[in-house]
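A.B. asks: Have a look at the structure that comes next, please.
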Amino acid sequence: MTTLDRPHLYIDGQWTPPASSETIAVENPATEEVLAHVPAGTAADVDRAVAAARAAFPAWSVASDRAQVLDRLHTALASRAAEIARVVGLELGTPLKIAKAVQAGLPLTVLRSYADLVLPPPETIGNSTVVREPIGVVGAITPWNYPLHQVVAKVAAALAAGCTVVLKPSELTPLVAFLLVDAASEAGVPPGVLNVVTGTGPVVGAAIAGHPDVDMVSFTGSTATGRAITHAAADRIAKVALELGGKSANVILADADVTRAVKVGVGNAYLNSGQTCTAWTRMLVHESVYDEAVSLAAKTAGGYTVGDPFDESTRLGPLVSAAQRDRVLGFVARASARMVAGDSPVPQKGYFVAPTVFADVDPDSELAQEEIFGPVLSIIPFSSDDEAVAIANNSKYGLAGGVWGSEERALAVAARMRTGQVDINGGAFNPRAPFGGYKQSGVGRELGVHGLAEFQQVKAIQR
Numbered sequence: 001m002t003t004l005d006r007p008h009l010y011i012d013g014q015w016t017p018p019a020s021s022e023t024i025a026v027e028n029p030a031t032e033e034v035l036a037h038v039p040a041g042t043a044a045d046v047d048r049a050v051a052a053a054r055a056a057f058p059a060w061s062v063a064s065d066r067a068q069v070l071d072r073l074h075t076a077l078a079s080r081a082a083e084i085a086r087v088v089g090l091e092l093g094t095p096l097k098i099a100k101a102v103q104a105g106l107p108l109t110v111l112r113s114y115a116d117l118v119l120p121p122p123e124t125i126g127n128s129t130v131v132r133e134p135i136g137v138v139g140a141i142t143p144w145n146y147p148l149h150q151v152v153a154k155v156a157a158a159l160a161a162g163c164t165v166v167l168k169p170s171e172l173t174p175l176v177a178f179l180l181v182d183a184a185s186e187a188g189v190p191p192g193v194l195n196v197v198t199g200t201g202p203v204v205g206a207a208i209a210g211h212p213d214v215d216m217v218s219f220t221g222s223t224a225t226g227r228a229i230t231h232a233a234a235d236r237i238a239k240v241a242l243e244l245g246g247k248s249a250n251v252i253l254a255d256a257d258v259t260r261a262v263k264v265g266v267g268n269a270y271l272n273s274g275q276t277c278t279a280w281t282r283m284l285v286h287e288s289v290y291d292e293a294v295s296l297a298a299k300t301a302g303g304y305t306v307g308d309p310f311d312e313s314t315r316l317g318p319l320v321s322a323a324q325r326d327r328v329l330g331f332v333a334r335a336s337a338r339m340v341a342g343d344s345p346v347p348q349k350g351y352f353v354a355p356t357v358f359a360d361v362d363p364d365s366e367l368a369q370e371e372i373f374g375p376v377l378s379i380i381p382f383s384s385d386d387e388a389v390a391i392a393n394n395s396k397y398g399l400a401g402g403v404w405g406s407e408e409r410a411l412a413v414a415a416r417m418r419t420g421q422v423d424i425n426g427g428a429f430n431p432r433a434p435f436g437g438y439k440q441s442g443v444g445r446e447l448g449v450h451g452l453a454e455f456q457q458v459k460a461i462q463r
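Every letter in the sequence shown is one number past the one before it in UniProt numbering, and letter 40, counting from 1, is 40.
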């Protein structure tokens, strides 16, 4: 056992022994060593957590100091930023530089934004006053790839809205969620407002999704699991918000700055070792600059040093697990396209995949249609803007995308892409803008005022 072990669950403001003595081993994907053990929660643990959240809801839903509590939570979490980056580096393998900026920095920005959004003023429509009220008890089920950001995006919004929460973090990367709990306890978040039950999806996740006293389920993860959660919540007509998969297109038009578009595009596809739902994993390139782009992409991929997340020279860490590594390598092995990068050496120990680029990819192939969730980039040529739009929209997903070219032309292409967000010429991610997808990429939005609204009911009062 190590100092990272967490033997208890967090329920009703206290560290509570779980109902079962079974535990889950948390692995370091860079070394294949066990880092820690956490409780394998049960349906009985979920029952206790939901009961605590239900009991805490009446007071928290009308609490006038929610903004102050969230402000204190931000301060307490910010003081743990270095530890957050270290823990995510250990349990996920994110290179430390990225872990500091993204895995620790982004959730702090999101938390700060929700502390500023508490208690929006009512809206007047004719003789009606429209008020927003908290939806109730929220079950939050979060993924392993951005283990604190995805938690904060749900928990901070729910708490700002006046909801109480039962959180199930991913069993692959649960440790950083306990740092949030430590910060919440220090900040004086009232008992029962935030509860954490670790465990597997089929046990704890299913118990949350089907619980009669959970008013809303907010889930981020695979489309298949999102579908199952929707079915589980349907019998009681509970609200479901889903942030699911993606297969985003990065469209490089004929008049684009090809060098910058390709370098930024490769970086986007490889962020977090490609384990990013918004990753631009399909690079669509106009035929007039196609050969140049392919050559540059291969060269750029070759510059990604693979290795120890805590080595400052590392740009690409491991995948989260052996199963994920093997899944990604299966896609690579089955691919019929032309591989132009992917044979660089990787450490023998750990779940590493070399940065890979395929050219001349068939837009209808598995490589171009399925979410791989690893450092694998597909390059596809097109001959016109219309064809680029058709290829970009040829997907069951619609989460993100990019367009490069003269602004007017790029905006025209972006307007026709069926996706939740599009970056023009490398436009920066905005953590206050709505985040979510079209089609099988999900239902609902996260972040900013749109994310807050997901956790609220709307009431009209006439007079």
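Just so you know, even glycine gets a beta-carbon here, dropped at the ideal spot from N, CA and C.
Thinking just about the alpha-carbon of each residue, which of Lys-168, Ser-61, Ala-207, Ala-341 is nearest to the one in Lys-299?
C.D. replies: Among Lys-168, Ser-61, Ala-207, Ala-341, the Cα nearest to that of Lys-299 is on Ala-341.
A.B. asks: Can you confirm whether the stretch 352-364 touches the stretch 211-219 when touching is taken to mean that 3 or more C-beta pairs between the two stretches lie within less than 8 Å?
C.D. replies: Touching, no.
A.B. asks: Alpha carbons only, please: which of Arg-132, Arg-409, Leu-111 is nearest the one belonging to Pro-431?
C.D. replies: Out of Arg-132, Arg-409, Leu-111, Leu-111 has the C-alpha closest to the C-alpha of Pro-431.
A.B. asks: DSSP three-state label for His-450, please.
C.D. replies: Three-state result, His-450: helix.
A.B. asks: Following a CB-centred definition, is Trp-144 positioned closer than 7 Å to any heavy atom of the ligand MN?
C.D. replies: For the ligand MN, the structure offers nothing, since it holds no ligand at all.
A.B. asks: With a floor of 3 residues, list each beta strand (DSSP E) that falls wholly inside the stretch 167-226, ordered by position along the chain.
C.D. replies: Listed in chain order, the complete beta strand (DSSP E) runs (minimum 3 residues) inside the stretch 167-226 are 194-196, 216-220.
A.B. asks: Secondary structure at Glu-123, three-state DSSP: helix, strand or coil?
C.D. replies: Strand at Glu-123.
A.B. asks: Hey, how far is the Cα of Cys-277 from the Cα of Leu-244?
C.D. replies: In a straight line, the C-alpha of Cys-277 is about 7 Å away from that of Leu-244.
A.B. asks: Please work out which residues of its chain come closer than 6 Å, Cβ to Cβ, to Glu-371, disregarding the five sequence neighbours upstream and downstream, and give them in chain order.
C.D. replies: Hits under 6 Å: Gly-245, Lys-247.
A.B. asks: State the start and end residues of the unbroken alpha helix (DSSP H) segment that holds Ala-59.
C.D. replies: Run containing Ala-59: 43-61, per the alpha helix (DSSP H) assignment.
A.B. asks: Give the DSSP bridge partners of Arg-282, in chain order.
C.D. replies: Looking at the DSSP assignment, Arg-282 forms a beta bridge with Ala-249, Ser-378.
A.B. asks: With a threshold of 6 Å on Cβ separation, who are the neighbours of Glu-22 within its own chain once the five nearest residues in sequence on each side are excluded?
C.D. replies: Cβ neighbours of Glu-22 beyond the five flanking positions: Ala-40.
A.B. asks: Pop quiz: Pro-309 and Pro-95 are said to be a contact at Cβ under 8 Å. What is the actual Cβ separation, rounded to whole angstroms?
C.D. replies: Right, their Cβ atoms sit about 5 Å apart.
A.B. asks: How far does the beta strand (DSSP E) with Ala-81 in it reach, from first residue to last?
C.D. replies: From DSSP, Ala-81 is part of no beta strand (DSSP E) but of the alpha helix (DSSP H) over 81-91.
A.B. asks: Excluding the 5 residues flanking Gly-448 on each side, which residues of the same chain have their C-beta closer than 7 Å to its C-beta?
C.D. replies: Contacts found: Ser-113, Arg-432, Ala-433, Pro-434.
A.B. asks: Check for me: the beta strand (DSSP E) holding Ser-128 runs from which residue to which?
C.D. replies: Per DSSP, Ser-128 belongs to the beta strand (DSSP E) from 128-134.
A.B. asks: Across the stretch 249-256 and the stretch 69-83, are there enough close Cβ pairs to call them in contact, namely three or more that are closer than 8 Å?
C.D. replies: Contact between the stretch 249-256 and the stretch 69-83 is absent, because fewer than three Cβ pairs lie under 8 Å.
A.B. asks: Gly-444 by DSSP, collapsed to three states: which one?
C.D. replies: The answer is coil: DSSP assigns Gly-444 none of H, G, I, E or B.
A.B. asks: What are the start and end residues of the alpha helix (DSSP H) that includes Glu-33?
C.D. replies: Premise fails: Glu-33 lies in the beta strand (DSSP E), 33-39, not in any alpha helix (DSSP H).
A.B. asks: Leaving out five residues on either side along the sequence, give the residues of the same chain with a beta carbon under 6 Å from the beta carbon of Phe-352.
C.D. replies: Closer than 6 Å at the Cβ level, and outside the excluded window around Phe-352, lie Val-306, Pro-318, Val-346.
A.B. asks: What would DSSP say about Asp-116, mapped onto helix, strand or coil?
C.D. replies: Residue state, collapsed to three classes: coil.
A.B. asks: Can you list, in chain order, the residues of its chain with a C-beta nearer than 7 Å to that of Tyr-270? Leave out the 5 residues immediately preceding and following it.
C.D. replies: Around Tyr-270: Tyr-304, Leu-316, Pro-355, Pro-375.
A.B. asks: For Ala-85, which residues in the same chain have their Cβ closer than 7 Å to its Cβ, ignoring the five residues on either side in sequence?
C.D. replies: Correct list, in chain order: Leu-96, Ala-99, Lys-100, Gln-103, Ala-104.
A.B. asks: Give me, in chain order, the residues of the same chain whose beta-carbon lies closer than 7 Å to that of Thr-2; leave out the 5 immediate sequence neighbours on both sides.
C.D. replies: Any reading at Thr-2 needs caution, since the residue's pLDDT is 49, under 50, leaving its predicted position unreliable; the model's value is listed next. Here the set comprises Leu-35, Ala-36.
A.B. asks: Taking the alpha-carbon positions, what's the Leu-70 to Ser-288 distance?
C.D. replies: Rounded to whole angstroms, Leu-70 to Ser-288 spans 52 Å at the Cα level.
A.B. asks: Beta-carbon within less than 7 Å of Leu-4's beta-carbon, same chain only, minus the 5 sequence neighbours each way: which residues are those?
C.D. replies: So the list reads Leu-35, Ala-36, Leu-175, once near-sequence residues are dropped.
A.B. asks: Do Trp-144 and Leu-108 have their CB atoms nearer than 8 Å?
C.D. replies: Their beta carbons are not under 8 Å apart, which means Trp-144 does not touch Leu-108 by this criterion.
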